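The structure appears right after this line, and notes come after that.
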Amino acid sequence: MQYVTRESAFHRLHPLTKLIFAVVVVALAVLTSDTAMLAVLVGAVVAAASAGGLARDLLRQVPLLLSLAASLLALTVLTIHSGETIGHLVTQSVPVIGGAFPVTAGAVGLALAMSLRFAAMLFAFQLLVISTQPRDLVHVMDRLRMPVDYTLMLLIALRFIPSLQLEGKRIHEAQLARAYNPGSGLAGKVRGLFPIIIPLVSNSLGKAMVLGLTIDLRGYRSGRRTPMCDLSLARADAAGICCMGLFTAGYLAALLV
Amino acid sequence: MTPEAGRGTALSLRRVSYTYPDSASPALAGITLDVRRGEIVFITGPTGAGKTTLCLAASGILHHEYGGTLEGTVAIHGKDARDYRDMGEIGRHVGVVFDDADAQLIFTTVEEEIASGLENLGIPREEMQQRLRRVMEATGIADLAARAPHTLSGGQKQRLAIAATLALGTEILIMDEPTAELDREATAVVSALLRRLADEGTAVLIVEQKIGELAAIADRMVVIEDGAITAVGSPAEMMEEPAPQRPPAPAIILPTDAAPIISIRGLTHRYDNVAAIRGLDLEIASGEIVVVAGENGSGKTTLIKHLNGLLRPTEGSVIVDGLDTGSVPVAELARHVGLVFQNPDTMLFAKTVADEVAFGLKNINHGDPGRAVDAALREVGLLHRRASYPRALSRGERQRLAIACVIAMRPKVIVLDEPTTGLDVRESRRIMEILARLRQDGHTIVMVTHDMRLLEEYADRTVWMEQGRIVHGSRTYEEEPCLRSCSMSPVRVPFTASTRSPN
Chain E
0 MQYVTRESAF HRLHPLTKLI FAVVVVALAV LTSDTAMLAV LVGAVVAAAS
50 AGGLARDLLR QVPLLLSLAA SLLALTVLTI HSGETIGHLV TQSVPVIGGA
100 FPVTAGAVGL ALAMSLRFAA MLFAFQLLVI STQPRDLVHV MDRLRMPVDY
150 TLMLLIALRF IPSLQLEGKR IHEAQLARAY NPGSGLAGKV RGLFPIIIPL
200 VSNSLGKAMV LGLTIDLRGY RSGRRTPMCD LSLARADAAG ICCMGLFTAG
250 YLAALLV
Chain G
0 MTPEAGRGTA LSLRRVSYTY PDSASPALAG ITLDVRRGEI VFITGPTGAG
50 KTTLCLAASG ILHHEYGGTL EGTVAIHGKD ARDYRDMGEI GRHVGVVFDD
100 ADAQLIFTTV EEEIASGLEN LGIPREEMQQ RLRRVMEATG IADLAARAPH
150 TLSGGQKQRL AIAATLALGT EILIMDEPTA ELDREATAVV SALLRRLADE
200 GTAVLIVEQK IGELAAIADR MVVIEDGAIT AVGSPAEMME EPAPQRPPAP
250 AIILPTDAAP IISIRGLTHR YDNVAAIRGL DLEIASGEIV VVAGENGSGK
300 TTLIKHLNGL LRPTEGSVIV DGLDTGSVPV AELARHVGLV FQNPDTMLFA
350 KTVADEVAFG LKNINHGDPG RAVDAALREV GLLHRRASYP RALSRGERQR
400 LAIACVIAMR PKVIVLDEPT TGLDVRESRR IMEILARLRQ DGHTIVMVTH
450 DMRLLEEYAD RTVWMEQGRI VHGSRTYEEE PCLRSCSMSP VRVPFTASTR
500 SPN
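From first to last, the protein sequence lines stand for chains E and G. Residue numbers are given in numbering that gives the first Met the number 0: position 219 of the first sequence equals residue 218, and the series is strictly consecutive. Residue numbers are given in numbering that gives the first Met the number 0: position 377 of the second sequence equals residue 376, and the series is strictly consecutive.
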């Protein structure tokens with residue numbers, strides 16, 4: 000997940016508008032566990048991405064979200080027993096252990112709500128990241144008088160996502176060249192972790208030190224930043240903020256009713 | 000140097016000694032060194048001599064960011080490094096280029112990378128834009144402005160890291176191996192740029208293994224060994240000592256009618272819509288040492304990744320030892336082609352050196368991994384380190400271990416991507432002697448390098464690439480004096496097995 004050079008409606012918005020959008024979506028997502036409301040929220044974010052021509056970028060996260068949803072479902076089914084029982088992981092016809100691990104409506108509902116909440120947050124954050132150059136984001140956070148350490152933490156986190164992906168790819172290629180073939184399935188994935196994770200963590204720690212020093216030496220703590228391009232709110236930002244306001248009002252009204 | 004530029008000391012180290020935390024011996028031992036305004040000081044020395052630590056000391060990083068035991072004083076513009084508030088304050092006077100270009104690129108486009116530092120200087124917008132344009136043109140990356148830094152080649156990343164630092168316009172520059180991955184042309188551009196900055200009054204401290212163009216522009220050359228200065232002089236005096244000559248290798252008789260072990264026909268490779276290789280033809284005979292050279296971003300690494308199937312051709316074919324690398328699985332190709340990456344740390348993960356070498360052997364179900372491990376470690380001179388932790392080895396030893404991991408699997412073809420980057424002359428020579436011995440044993444060696452000396456001494460044949468094509472080739476470097484000036488013929492010369500070394 001990183002900035003994508005493109006001419007989309009989202010790219011043209013002021014970074015502050017996009018930051019407000021992400022914060023509002025996160026706030027609305029944590030306000031309720033109602034799956035219908037959360038589904039509406041996810042739908043609204045995807046619709047906004049479609050209008051901005053970035054829906055395809057969001058869809059790349061779907062496999063990750065599906066695997067997350069599956070993990071959450073497994074966790075809630077094993078740990079939560081509330082509401083109507085809608086089935087069993089082990090069918091009752093199996094001798095001795097038949098009927099074990101009941102699947103309840105409460106467990107499924109909670110897993111679904113958490114998955115939708117993650118989806119809304121992830122999509123909103125992704126829209127912000129892929130359409131905003133990090134230096135513009137830093138500039139806006141600076142103007143909002145956010146503590147410089149938090150701003151730099153966000154900058155480093157954004158920088159490390161593609162860097163880790165790239166380093167992981169390099170390491171994977173280096174191990175493949177040694178006939179490394181971890182096999183398929185869960186067992187293969189677990190077996191294959193060590194030759195990748197150990198160099199990845201070791202190399203990343205070394206790079207983090209240099210990255211931190213570079214940020215300091217380039218004066219990110221100077222507090223006298225002048226953006227090279229004009230960053231001012233335009234009509235599109237006003238329209239975007241109005242839309243967000245209307246949606247938020249409707250969403251909150253629906254929650255209260 | 001202009002007379003007015005040469006006044007005053009910008010950097011001053013007095014009896015600086017430093018020992019890293021958890022280390023018994025000092026990395027620096029009583030270093031005293033001044034760098035005046037308008038002066039270029041070139042530091043060199045063997046791998047592990049303390050050159051990078053010297054850069055960290057001179058830039059005040061050891062004082063502000065590291066633990067360990069530090070003695071002596073470092074003054075920046077006459078003020079003790081300890082008295083600066085933090086690295087941000089030092090950064091207004093000192094620009095540092097670290098040896099890991101990748102780690103110091105933060106942003107999402109080349110332009111943003113350079114502009115971000117300028118924005119923190121609080122200078123007028125027009126001046127920022129002028130500086131941005133000037134520095135991009137001066138470092139030859141103006142055409143890469145919209146590219147994402149992580150998609151650049153190693154040399155392009157290094158040029159960008161230099162540009163981002165130069166744009167800050169600091170009066171002191173400290174550069175740790177700034178040209179390690181640059182081709183000769185880019186090195187010349189950077190050298191001329193640094194000389195010009197020094198002539199305008201900038202103090203420059205450069206650490207490099209390569210004693211070439213950068214040393215030639217220096218005012219003083221300093222050699223450090225075991226953390227101490229062992230020689231100081233003008234580059235002209237110090238470069239007079241002749242390099243030790245390699246004894247001539249026994250001649251290899253290559254059968255002239257043999258089928259090539261590597262055959263590349265009409266190879267094209269595109270990343271998204273960008274063609275990195277364009278219709279390339281190449282044949283390499285068994286037992287050759289072939290060097291792939293060319294400027295940064297010319298497609299060298301893309302080419303060699305096709306030899307073991309890490310990349311598949313967009314068009315054309317690559318046949319190695321009778322196998323089509325476009326369709327055979329990488330794990331199967333690894334029995335025939337070994338690839339040693341530029342940075343050995345991308346592969347080291349085991350608890351011991353022996354386990355590290357055994358990893359590949361187990362992957363190919365080798366019958367007697369123990370014996371093969373010992374043979375490979377003996378070959379690279381690391382048998383005595385078989386129980387050591389791989390990441391605790393020196394840089395040169397780690398590179399030799401990476402080679403051992405590959406040769407243990409006895410592939411017929413060994414491919415190496417910049418195997419001597421970051422190594423001193425002694426270690427580089429040691430690596431090349433290993434490769435020369437492997438060639439004697441019948442292995443074919445394909446190697447990417449920018450090191451002209453290695454190319455001259457060891458290559459049977461050099462393939463020169465430019466913009467994804469082979470633009471020139473020679474049997475040996477010595478036979479093609481035109482290559483000494485790096486001039487490249489625009490004429491595409493296809494290579495066949497019949498043009499191989501007369502050896």
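No residue lacks a Cβ here, since even glycine has one placed at the ideal position from N, Cα and C. These figures come from a predicted structure and were not determined experimentally.
Note on E/Thr78: under 16 other CB atoms within 10 angstroms of its CB, so exposed under the neighbour-count rule. Taking a beta-carbon distance threshold of 7 Å, E/Arg11 does not count as an interface residue toward chain G. Scanning its chain for C-beta atoms nearer than 6 Å, with the 5 sequence neighbours on each side dropped, one finds around E/Ile85 the residues Val102 and Ala104, in chain order. When Cβ-Cβ separations below 7 Å define contact, G/Glu111 makes contact with chain E. Unbroken alpha helix (DSSP H) stretches of 4 residues or longer found wholly inside the region 163-206 of chain E: 184-190, given in chain order. Among the CB atoms of chain G, none fall inside 7 Å of the CB of E/Lys188. Minimum Cα-Cα distance from G/Gly296 among the listed residues G/Ala202, G/Gln129 and G/Thr150 corresponds to G/Thr150.
A distance of 7 Å or more separates the beta carbons of G/Ala407 and G/Val379. Around the beta carbon of E/Cys228, a 10 Å sphere encloses fewer than 16 other beta carbons of the protein chains shown; the residue is thus reported as exposed. Between the region 72-81 of chain G and the region 154-166 of chain G there are fewer than three inter-stretch CB-CB distances shorter than 8 Å, so the stretches are not counted as touching. An exposed status is given to E/Ala237, since fewer than 16 other beta-carbon atoms sit within 10 Å of its beta-carbon.
In the displayed model, G/Ile433 falls within a helix according to three-state DSSP. Here the alpha carbons of G/Ala330 and E/Phe20 stand approximately 47 Å from one another. Under the criterion of beta carbons closer than 8 Å, G/Asp175 and G/Thr51 qualify as touching, at roughly 6 Å. In the pairwise beta carbon analysis, the region 430-442 of chain G is classified as touching the region 407-421 of chain G: at least three pairs are separated by under 8 Å. With its beta carbon at least 7 Å from every one in chain G, E/Ala69 lies outside the interface. In this structure, DSSP gives E/Thr16 a helical state, which the three-state scheme calls helix. If only uninterrupted beta strand (DSSP E) runs of at least 3 residues are considered, those enclosed by the region 149-220 of chain G are 171-175 and 202-206. For G/Leu422, the three-state secondary structure derived from DSSP is coil. Contacts between E/Asp215 and chain G, judged by CB atoms closer than 9 Å, involve His63, Glu64, Asp85, Met86, Gly87, Ile89 and Gly90 in chain order. Three or more pairs of CB atoms, one per stretch, sit closer than 8 Å, so the region 157-167 of chain G contacts the region 109-117 of chain G.
In terms of CA proximity to G/Ile283, G/Ile413 leads the group G/Gly421, G/Ile413, G/Phe41 and G/Ala141. Taken atom to atom, the span from the alpha-carbon of G/Ile363 to that of E/Ala178 is near 7 Å. Residue contact check for G/Gly47 against chain E: no CB pair falls below 7 Å. Taking one beta carbon from each stretch, the region 81-96 of chain G and the region 455-470 of chain G have fewer than 3 pairs nearer than 8 Å; the two do not touch.
G/Met174 is outside the set of residues whose beta carbon lies under 7 Å from a beta carbon in chain E.
The beta carbons of G/Leu27 and G/Gly49 sit about 5 Å from each other, so the pair counts as a contact at 8 Å. Straight-line measurement puts the Cα of G/Leu381 at about 19 Å from the Cα of G/Gly421.
About 6 Å separates the beta carbons of G/Val73 and G/Ala56, which is inside the 8 Å limit, making them a contact pair. When secondary structure is reduced to three states using DSSP, G/Glu331 falls in the helix class.
When CB distances to chain E are screened at a threshold of 9 Å, the residues of the region 117-130 of chain G falling below it are Leu117, Glu118, Asn119, Leu120, Gly121, Ile122, Pro123, Arg124, Met127 and Gln128, in chain order. Restricting attention to beta strand (DSSP E) runs no shorter than 3 residues, the region 336-380 of chain G encloses them at 336-339, ordered along the chain. Contact between E/Phe122 and E/Val44 holds, since their C-beta atoms are separated by about 5 Å, short of 8 Å. The region 336-351 of chain G makes contact with the region 183-203 of chain E, as at least three CB pairs between them are under 8 Å. In this structure, G/Ala333 lies near E/Ala176, with their beta-carbon atoms less than 7 Å apart. Taking 7 Å as the cut-off, the Cβ atoms of G/Ile171 and G/Ala9 count as close.
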